[in-house]
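Take a look at the structure below.
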Amino acid sequence: MKRFVLFLLFICVCVCVQAYAEQDYFFRDFKSIDLPKKLHLDKKLSQTIQPCAQLNASEHYTATGVREPDACTKSFKKSAMVSYDLALGYLVSQNKPYGL
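The sequence shown runs -21 to -1, 1 to 79 under mature numbering (1 follows the signal peptide of the UniProt record, and there is no 0).
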């Protein structure tokens, strides 16, 4: 019962925080004076995104016995982070060309 009450309290706090956020909570806590330089947007805008024919997100053992995702999944994750940074730059700059 104690865990259930704590869980409900946590959900209530999350809902309240989201309700009072001035902008989308996904980007809310990012602060930077010079966003394009901080995110290295000039390099990221010149990169090409490599799509995967089949995305296998589960980790598997390599020849050295280490569990890690395949190369295509790593590339996909890197492309997703680049896309996030570009979207963040677009949101913060309010459709200005990032000051590059």
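Glycine residues also receive a C-beta, built at the ideal position from the N, C-alpha and C atoms.
Just measuring C-alpha positions, the residue of 45, 24, 47 and -21 sitting nearest residue 60 is 24.
Shown here for residue 46: same chain residues with a beta carbon closer than 8 Å to its own, the five before and five after excluded, namely 38, 39 and 40 in chain order. Around the beta-carbon of residue 64, 16 or more other beta-carbon atoms lie within 10 Å, marking it buried. Distance from the CA atom of residue -18 to the CA atom of residue -12, rounded to whole angstroms, is 10 Å. When only Cα atoms are considered, residue 71 and residue 19 end up about 15 Å apart.
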